[in-house]
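Heads up: the sequence shown runs through residues 28 to 290, numbered per the numbering used here.
Using N, Cα and C, we set each Cβ at its ideal position, and we do this for glycine too.
All values reported here derive from a predicted model rather than from experimental measurement.
This report refers to the structure that appears directly beneath it.
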Amino acid sequence: MPLAAFFRTAAAVLLTSAAAAQAPAPAPAGLWRGSLQVAPGSELAVFFDLQGQNPSFSGTLSVPQQTDKLLPLSSVVLRHDSLLLRADVLRARFAGRFSADGQQVAGAWFQSGAQLPLTLRRSTEQAKAAAAPRRPQVPKTPFPYRSEDLTFPNQPAGFALAGTLTLPAGKGPFPAVVLVSGSGPEDRNETVFGHQPFLVLADYLTRRGFVVLRYDDRGVGESKGTFKDATTADFTTDALAALAYLRTRPDVRPRQVALVGHS
């Protein structure tokens, strides 16, 4: 090789190496979306919301098709162009590598002995909302009735329970219903896997002329007390307290108050 050509090649190598050394590190902060093929023809959208700067990253994982809850990530680690995410609550982890432009991370999802390919791409809150399943039964505002958040006392237990009261339009008084949740700690809407059956039921009954009281279980949401170690007899006093409260209201017919529940 002629000497001049050698120096030109060496200079090109040095410039390329310098550019690589000066290339900015990937910036993982932001919202990322990927799709897991959990069965033939069935995909599950997953979203990672990453925050902070290296080495102090944090983040959450959400699966809108399954739940509206945010699951905390146990660790978020950036090593050069590699991203490692761990979700101990699911006994799962993701390992991937950034693309040259930093707009996607190609890797794999590891959980319960399975390894699934997963590529994350930058996303938006609008895309996340669109990925959630449609819930046409969930009531939408404006409502043709009044709604108020309140507390009422459980005198024997010595604490207050918090709930929401919905009242039909008009003067009243009206018949009334207390919604009583089933097993396990439940909020006033009985939220489970993205569904809110007590919100739906309260809307249905109130539109048909009933005052409806739904409340957070003791120790849940805004209700005081402790759920753990509470007995059926304890929960009975909560329901009786709700009945007693409704019977004190001038807009409720005290002899037409009922319980609606399930387990």
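Of the listed residues the options, nearest to residue i (C-alpha basis)
i: P144; options: T151, F121, Q153, D128; result: F121
i: D108; options: R215, G211, D214, A133; result: A133
i: V73; options: A266, R173, T146; result: T146
i: P82; options: P277, R106, V219; result: R106
i: R148; options: G288, D261, G68, F75; result: F75
i: A266; options: D256, K255, A187, T218; result: A187
i: T193; options: A184, V204, P183; result: V204
i: L228; options: G288, W136, T259; result: G288
i: S250; options: Q142, L112, S174, T178; result: T178
i: T264; options: G185, Q142, T191; result: G185
i: S290; options: P202, A159, R276, S208; result: S208
i: A159; options: S89, T233, L286; result: S89
i: R234; options: A257, T275, K167; result: K167
i: Q142; options: K255, F262, V65; result: V65
Proximity below 8 angstroms, CB of residue i to CB of residue j
i: L97; j: V116; result: no
i: V239; j: L206; result: yes
i: Y231; j: P195; result: no
i: Q78; j: A54; result: no
i: R215; j: Y242; result: yes
i: S139; j: R60; result: no
i: F84; j: V103; result: yes
i: E152; j: L63; result: no
i: F137; j: A119; result: yes
i: F237; j: P202; result: yes
Below-8 angstroms beta-carbon distance, residue i vs any chain D residue
i: N81; result: Absent from the structure is chain D; it holds one protein chain and no more.
Presumed contact (8 angstroms Cβ cut-off) between residue i and residue j, rounded CB distance
i: E213; j: D244; result: 5 angstroms
i: P200; j: V279; result: 6 angstroms
i: G221; j: T94; result: 6 angstroms
i: K155; j: P224; result: Actually they do not touch by this definition, with Cβ atoms about 24 angstroms apart.
i: G123; j: L110; result: 5 angstroms
i: S174; j: T191; result: 6 angstroms
According to DSSP, residues forming a beta bridge with residue i
i: Q138; result: A119, A141
i: Q78; result: S85
i: E249; result: DSSP output for E249 lists no bridge partner at all.
i: D313; result: Any answer about residue 313 is impossible in this case: the structure gives the chain only from 28 up to 290.
i: Q64; result: E70
i: H222; result: V219
i: V239; result: T193, V204
i: F18; result: The structure shown does not extend to residue 18, since the chain spans only 28 to 290, so no value can be given for it.
i: R124; result: S109, A133
i: R161; result: Paired residues: none, contrary to the question.
i: L270; result: L270 is not bridged to any residue.
i: T146; result: A133
i: P183; result: Paired residues: none, contrary to the question.
i: A285; result: V204
i: V90; result: V90 pairs with nothing; no bridge assigned.
Exercise for the section: Report yes or no: do the region 244 to 258 and the region 270 to 279 share at least 3 C-beta pairs separated by less than 8 angstroms? Expected result: no
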